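Numbering (the working numbering), first residue to last: 3 to 893. Down below is the structure, laid out as structure tokens.
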Amino acid sequence: MVKVCPIFLKFPDIIEMASERYNPRETESRWQQKWAEAKAFEADNADPREKYYVLEMFPYPSGRIHMGHVRNYAMGDVVARYKRARGYNVLHPMGWDAFGMPAENAARDNKVHPKEWTYQNIASMKAQLKAMGLSLDWSREFATCDVDYYHRQQHLFLDMMEKGLVYRKQSKVNWDPVDQTVLANEQVIDGRGWRSGALVEQRELVQWFFKITDFSQDLLDSLDTLDQWPEKVRLMQKNWIGRSEGMTVRWQVVPETAPAGQDEVTVYTTRPDTLFGASFLAIAADHPLARELAGENPAIEAFCQECRHQGTSLAALETAEKRGIDTGIRVRHPLDPSWELPVYVANFVLMEYGTGAIFGCPSGDQRDLEFARKYDLPVVAVVMPADRDVATFAIGDAAYDGDGVMINSRFLNGKTTEEAFDIVADRLSGTLLGNMPQGERKVNFRLRDWGVSRQRYWGCPIPVIHCEVCGVVPVPKKALPVKLPDDVTFDQPGNPLDRHPTWRHVNCPQCGGAARRETDTMDTFVDSSWYFTRFTAPWEDDPTDPQAANHWLPVDQYIGGIEHAILHLLYSRFFTRAMRETGHVDVKEPFKGLFTQGMVVHETYRRGGAGGEWISPADIRIEELDGKRRASLLSTGEEIAIGSIEKMSKSKKNVVDPDDIIASYGADTARFFVLSDSPPDRDVIWSEAGVEGAHRFTQRLWRLVSEAASRLKQAEPQAAREGEGRPVSQIAHRTLKAVQDDYDRLAFNKAVARIYELVNALAGPLARAAAGEGDATFMAAVREATEILVRIVAPMTPHLSEECWSILGNETLLAQTAWPVHDETLVVENDLILPVQVNGKKRAELTIARDASQDAVEAAVLQLDAVRLALDGRAPKKIIVVPQRIVNIVV
RNA sequence: GCGGACGUGGCGAAACUGGUAGACGCAAGGGACUUAAAAUCCCUCGACCUCGGUCAUGCGGGUUCGAUCCCCGCCGUCCGCACCA
């Protein structure tokens with residue numbers, strides 16, 4: 003199918019246009035080559051200047067870059083170029099997050115080896131990135147599937163093993179019986195494998211884990227130090243780590259109801275204050291006690307089985323009925339041994355959190371209340387809002403889980419919930435059950451250890467060997483890397499490493515006997531958890547050169563999508579801590595500044611409207627008739643419905659290929675457009691008209707500069723302090739200062755607006771200069787202003803700027819030229835225009851000297867005709883003068 | 001359910017720490033140039049009217065000389081987490 007790009011149809015002459023038009027196709031590659039020749043963007047670890055590390059989240063080599071990449075890398079490149087101009091030693095590297103399932107899927111579907119597929123994709127995407135003119139240090143490039151990289155990752159794994167940060171345990175996984183693979187939770191859709199559609203089973207597998215929970219408290223506390231992170235991301239991580247303060251409470255089992263050997267049940271609670279409202283205990287289906295009971299009691303066995311199969315999908319949980327089964331076991335209340343309560347197995351109790359057992363307080367918890375109503379258990383209100391009356395307070399359909407005053411709680415009555423918490427906690431810690439305290443204060447985290455085992459081929463092999471005699475034996479470091487074999491097949495489901503004829507058979511490094519390799523590979527999130535550290539010295543034999551790593555880290559500005567707010571960023575924070583404990587780096591936090599950019603979105607088009615076939619914008623013509631936009635098919639003219647604006651995605655076909663845009667408009671236009679209009683953290687709507695606007699800007703800038711260049715070349719760039727050049731110098735220096743602030747705050751859209759203003763302001767003077775009008779001071783001022791313009795727009799449109807810089811007679815590469823310095827005396831105006839309000843409504847303006855005294859302002863204001871008119875003879879009660887801001891007269 | 005963010009012209013958005021609401025761009029309308037078109041340039045562009053004003057930042061209150069901004073209560077949209085004891 004031939005892809006028709008609408009741009010060519012509308013403007014077939016863009017490229018072949020008359021010679022005075024700027025031709026990005028020729029110019030851009032020329033400057034890219036010059037930058038490469040000058041090694042302008044290669045960072046030197048020994049450079050003594052202050053460092054600045056800017057990094058964009060590296061891409062997965064899917065084969066093509068998309069507009070999201072363009073936006074992400076354009077932003078990073080502005081920061082990199084700007085900081086470089088400001089005199090920093092900038093590290094701006096790029097690599098490839100290259101392991102993962104799509105390569106294996108491609109292998110299965112297209113009979114191409116994952117390695118070949120991946121490296122081909124890298125080659126084509128690299129060419130696309132190069133066409134964008136990004137100021138990247140390509141000399142440090144690597145892919146995570148390079149043996150050189152995963153070799154060092156295996157080294158890190160072994161170091162972490164030595165430090166006890168890695169362990170194996172049996173754990174439940176989602177197992178796809180058709181594909182014979184483990185699925186992540188996100189890959190289970192309505193209980194079925196996303197690819198095979200098979201009903202997913204819960205399986206117990208022995209898997210490798212990283213002890214991220216060792217750092218729970220630190221990962222939480224250190225969030226406070228990340229003041230250059232979005233508040234939102236910090237909050238998301240905080241909730242994910244999920245710290246709660248409570249206590250464990252041990253409940254003694256009434257002996258005659260107890261199965262053998264079970265004499266107590268331990269629960270975790272954050273509300274020990276509500277203990278007198280307890281009416282039952284509930285344990286998870288996977289609780290050891292439940293398992294034991296299931297062995298003896300078929301009804302319990304059946305219930306537990308059911309719980310395990312119950313939907314884990316999000317919607318299912320919302321509506322799932324709270325159900326349970328009475329185990330027949332009774333326990334004694336910890337604060338009153340004569341009080342006996344039933345123990346249920348319940349479907350809403352999670353084995354993974356706390357102790358896998360809870361006590362139910364129906365009056366204080368909606369879930370417990372529903373359960374109690376269903377099984378006819380007592381509901382005793384124990385906490386009452388402070389403004390209610392004991393006589394009338396009752397629990398109906400809604401539990402009360404707030405703070406308040408204790409009631410129906412014996413010795414706690416009248417206390418606040420907070421006081422009651424402490425009293426109960428102290429009492430239970432001081433009471434012995436057996437020879438242990440009955441309860442203990444305990445902090446609990448929601449964060450789980452990180453399971454990294456994947457039963458897949460295209461990932462970093464876990465470097466251990468299983469020996470029947472010696473057990474789990476790490477591969478000796480000198481025997482690394484454990485290389486992936488190339489000769490694997492993908493014609494059957496399951497892990498190709500498992501069925502490789504020889505790869506897994508090795509001798510035990512300890513006893514020399516026959517042993518087998520671990521065939522699990524690592525989660526690809528491991529690969530991306532330390533790549534930014536590797537960039538600091540990718541040539542090292544060890545995982546890092548600690549000196550280089552400590553020099554460059556933390557990353558000063560990290561830019562990427564909000565979708566990585568939790569996992570990637572949390573794993574990276576953990577990994578940096580783990581690498582610190584193993585001596586590879588001496589920083590704790592990897593990313594000092596984080597910026598999460600918005601998506602690139604686009605209209606959708608469907609044949610026949612909702613439910614119809616999606617149509618690509620490349621096949622669409624948009625027309626405007628009587629203020630209504632209509633879309634039609636380019637080929638046949640058939641009318642197509644314009645749908646909602648959505649994230650660009652292949653499935654909705656609303657993608658615009660960056661290659662097409664760069665080919666027809668040039669990289670500078672694409673970069674400038676994705677940076678303009680929308681604030682960078684918000685979504686930007688891709689529109690043909692918007693791109694054309696950006697393109698008009700580049701052409702206009704070129705025209706204005708090139709027409710005046712031969713005259714301007716003859717003047718020395720110099721700001722004018724007086725005469726007709728002064729306003730030119732003023733606007734240039736003001737814009738310079740403002741754009742600098744905007745870049746510092748990553749407010750690219752505002753920088754764009756200011757640059758437009760400057761271009762608008764310089765259009766007249768440039769035309770005059772081109773015509774040879776104006777004196778030498780004026781020419782000098784215009785040249786200086788033009789150079790300022792070209793230099794401040796350069797981070798966004800680097801090729802065009804180099805070209806302008808060059809035709810203005812400069813011999814240096816703009817990419818290697820220092821940022822201009824603004825002159826404050828040109829930024830500040832001597833006379834101010836103050837708005838004058840009467841009773842808060844603007845009635846006049848007052849032009850007055852910046853340093854005028856308050857009295858002078860008051861006096862001058864009252865002389866204004868408009869003010870006198872508004873006052874209408876009334877005497878002002880009060881005149882508020884906000885210096886250099888506003889005057890408000892109150893009558 | 002819990003947590004968070006956002007709501008400003010036809011559209012994307014500006015407005016610094018409470019101080020002239022709508023910069024800049026897109027779209028639209030009018031004009032100049034042109035045989036014509038494209039490109040370019042100039043003008044208009046929140047609403048209403050009596051052309052001097054009045055009303056306007058989701059809605060209703062409040063604080064203030066002054067509120068898009070701060071506070072309280074609603075409405076709407078989006079995002080994250082979700083049986084977490």
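Note that CB positions come from ideal geometry on N, CA and C, so glycine has one too. Please read these numbers as outputs of a predicted model, since none were measured by experiment.
For this session: Kindly list the residues whose CB is nearer than 6 Å to the CB of L916, restricted to its own chain and excluding five residues on each side of it in sequence; keep chain order.
Result: Any property of residue 916 remains undetermined from this structure, which presents the chain solely from 3 to 893.
For this session: Identify the continuous beta strand (DSSP E) that holds V175 and give its terminal residues.
Result: The residue given as residue 175 occupies position 173 in the first sequence. Element bounds for V175: 168-178.
For this session: Please report the Cβ distance between I888 and I881, rounded to the nearest whole angstrom; I am assuming they are in contact, meaning their Cβ atoms lie under 8 Å.
Result: In the first sequence, residue 888 corresponds to position 886, counting from 1. In the first sequence, residue 881 corresponds to position 879, counting from 1. Actually they are not in contact, since the Cβ atoms of I888 and I881 sit about 11 Å apart, beyond 8 Å.
For this session: Would you mind sorting S340 into buried or exposed? The rule is 16 or more other CB atoms within 10 Å of its CB.
Result: As a first step, residue 340 is located in the first sequence; it is residue number 338 there, counting from the start. Around the beta-carbon of S340, fewer than 16 other beta-carbon atoms lie within 10 Å, marking it exposed.
Problem set entry | Proximity of Q559 and F597 at Cβ, strictly below 8 Å | Looking up residue 559 in the first sequence gives position 557. Looking up residue 597 in the first sequence gives position 595. Yes. Within cutoff.
Exercise. With DSSP run on the structure shown, which of helix, strand or coil describes T799?
Worked result: In the first sequence, counting from the first residue as 1, residue 799 sits at position 797. Assignment of T799 by DSSP, reduced to helix, strand and coil, places it in the coil class.
Exercise. Quick one: what does DSSP say R1 is sitting in, helix, strand or coil?
Worked result: Nothing in the structure corresponds to residue 1, since the chain is present only between 3 and 893.
Exercise. Helix, strand or coil: how does DSSP classify Y459 here?
Worked result: The residue you call residue 459 lines up with position 457 of the first sequence. Coil, per DSSP.
For this session: Could you round the C-beta distance between Q182 and P495 to whole angstroms and report it? I think they count as a contact, below 8 Å.
Result: Reading the first sequence from its first residue, position 180 is the one you call residue 182. Reading the first sequence from its first residue, position 493 is the one you call residue 495. Indeed they touch by this definition, with Cβ atoms about 4 Å apart.
Exercise. Since I360 and T271 are thought to touch, with beta carbons under 8 Å apart, how far apart are those beta carbons, to the nearest angstrom?
Worked result: Indexing the first sequence from 1 puts residue 360 at position 358. Indexing the first sequence from 1 puts residue 271 at position 269. About 7 Å separates the CB atoms of I360 and T271; that is less than 8 Å, so the two are in contact.
Problem set entry | C309 versus K417: straight-line alpha-carbon distance, rounded | Counting from 1 along the first sequence, the entry for residue 309 is found at position 307. Counting from 1 along the first sequence, the entry for residue 417 is found at position 415. Taking the straight line joining both Cα atoms gives about 39 Å.
Exercise. In angstroms, rounded to a whole number, what distance separates the CA positions of V4 and M59?
Worked result: To locate residue 4, count along the first sequence from 1; it is residue 2. To locate residue 59, count along the first sequence from 1; it is residue 57. Summary for V4: the model assigns pLDDT 28, below 50, so the residue's position carries little reliability, and this model does not support an answer.
For this session: Would you kindly check if the distance between the Cβ of M650 and the Cβ of M69 is under 8 Å?
Result: Taking the first sequence and counting its residues from 1, the one referred to as residue 69 is at position 67. Taking the first sequence and counting its residues from 1, the one referred to as residue 650 is at position 648. Yes. Within cutoff.
Problem set entry | Span of the alpha helix (DSSP H) around Q307 | If you number the first sequence from 1, residue 307 lands on position 305. For Q307, the enclosing alpha helix (DSSP H) starts and ends at 300-311.
Problem set entry | Limits of the unbroken beta strand (DSSP E) element including S678 | In the first sequence, counting from the first residue as 1, residue 678 sits at position 676. For S678, there is no enclosing beta strand (DSSP E), as DSSP marks it with neither H nor E.
Problem set entry | Paired residues, beta bridge with G360 - DSSP | As a working mapping, residue 360 is identified with position 358 in the first sequence. In the sequence on display, residue 360 carries Ile and not Gly. Answer is A284.
Exercise. For H106, does the count of other Cβ atoms within 10 angstroms reach 16, so buried, or fall short, so exposed?
Worked result: Walking along the first sequence from the start, residue 106 turns up at place 104. Checking the displayed sequence, the identity of residue 106 turns out to be Glu instead of His. It is buried - the Cβ of E106 has at least 16 other Cβ atoms within 10 Å.
Exercise. When the distance is taken between beta carbons, is A100 closer than 8 Å to A129?
Worked result: Residue numbering aside, residue 129 sits at position 127 when the first sequence is read from its first letter. Residue numbering aside, residue 100 sits at position 98 when the first sequence is read from its first letter. Against a cut-off of 8 Å, the Cβ pair of A100 and A129 comes out as no contact.
For this session: Can you say whether H801 is buried or exposed, counting buried as having 16 or more other CB atoms within 10 angstroms of its CB?
Result: Locating residue 801 in the first sequence gives position 799, where the first residue counts as 1. The C-beta of H801 has 16 or more other C-beta atoms within 10 Å across all chains shown, which makes the residue buried.
Problem set entry | For E115, the nearest candidate out of E775, P487, A755 (CA to CA) | Translated into the one-based positions of the first sequence, residue 115 becomes position 113. Reading off the sequence, residue 115 comes out as His, not Glu. Checking every option, the nearest Cα to that of H115 belongs to P487.
For this session: Could you give the DSSP three-state label for R876: helix, strand or coil?
Result: Here residue 876 is taken as the residue at index 874 of the first sequence, counted from 1. In the structure shown, R876 sits in coil (DSSP, three-state: anything other than H, G, I, E or B).
Problem set entry | Between the CA atoms of D661 and V6 - distance to the nearest angstrom | Along the first sequence, read from residue 1 onward, the residue named residue 6 stands at position 4. Along the first sequence, read from residue 1 onward, the residue named residue 661 stands at position 659. Any reading at V6 must be qualified, since the residue scores a pLDDT of 32, below 50, and its modelled position is unreliable; the value itself is stated next. So the alpha carbons of these two residues sit roughly 13 Å apart.
Problem set entry | Nearest to L93 (by Cα), restricted to the options P797, K444, D79 | Within the first sequence, numbered from 1, the residue matching residue 93 stands at position 91. Residue D79 is the option with its Cα nearest to L93.
Exercise. Span of the beta strand (DSSP E) holding D328?
Worked result: Here residue 328 refers to the residue found at position 326 when the first sequence is read from its first residue. The continuous beta strand (DSSP E) containing D328 extends over residues 326-335.
For this session: For the segment 384-441, list the alpha helix (DSSP H) runs that are entirely contained and at least 4 residues long, ordered along the chain.
Result: Entirely contained in the segment 384-441, the alpha helix (DSSP H) runs reaching 4 residues are, in chain order, 419-432.
For this session: Tell me R252's beta-bridge partners as DSSP assigns them.
Result: Taking the first residue of the first sequence as position 1, residue 252 is located at position 250. Answer is T268, bridged to R252.
Exercise. First and last residue of the beta strand (DSSP E) that includes W341?
Worked result: Taking the first sequence and counting its residues from 1, the one referred to as residue 341 is at position 339. Boundaries of the beta strand (DSSP E) harbouring W341: 338-348, taken from the DSSP string.
Exercise. To which residues of the same chain is G515 closer than 7 Å at the C-beta, ignoring the five residues directly before and after it?
Worked result: The residue you call residue 515 lines up with position 513 of the first sequence. In chain order, C469, V471, N509 place their CB closer than 7 Å to the CB of G515, counting only its own chain and leaving out the 5 sequence neighbours on each side.
Exercise. Is it right to say P548 is buried, meaning 16 or more other beta carbons lie within 10 angstroms of its own, or is it exposed?
Worked result: Taking the first sequence and counting its residues from 1, one reaches residue 548 at position 546. Buried.
For this session: Tell me, please, whether the segment 680-699 touches the segment 723-738 by the rule of three or more beta-carbon pairs shorter than 8 Å.
Result: Counting Cβ pairs under 8 Å, fewer than three are found: no touch.
For this session: List the residues that DSSP assigns as beta-bridge partners of H633.
Result: As a working mapping, residue 633 is identified with position 631 in the first sequence. Looking at the sequence provided, one finds Ala at residue 633 rather than His. BP columns for A633 point to I624, I642.
Problem set entry | Where L316 falls, given that 16 or more other Cβ within 10 Å makes a residue buried | The residue you call residue 316 lines up with position 314 of the first sequence. A caution first: L316 carries a pLDDT of 42, below 50, which makes its placement in the model unreliable, though a value can still be read off. Under a 10 Å Cβ-count criterion, L316 is classified as exposed, with fewer than 16 other Cβ atoms of the shown protein chains found around its own Cβ.
Problem set entry | Alpha carbon of A868 to alpha carbon of R845, nearest angstrom | The residue given as residue 868 occupies position 866 in the first sequence. The residue given as residue 845 occupies position 843 in the first sequence. Rounded to whole angstroms, A868 to R845 spans 6 Å at the Cα level.
For this session: State the DSSP-derived secondary structure class of V466, mapped to helix, strand or coil.
Result: Locating residue 466 in the first sequence gives position 464, where the first residue counts as 1. Strand at V466.
Problem set entry | Validate contact between the segment 572-579 and the segment 526-540 using beta carbons, cut 8 Å, 3 pairs | Between the segment 572-579 and the segment 526-540, the count of C-beta pairs closer than 8 Å reaches three or more; the two stretches touch.
Exercise. Which same chain residues, not among the five before or five after Q209, have their C-beta less than 6 Å away from its C-beta?
Worked result: Indexing the first sequence from 1 puts residue 209 at position 207. Counting only residues of its own chain and dropping the five nearest sequence neighbours on each side, Q209 has a CB closer than 6 Å to the CB of S173, G453, S455.
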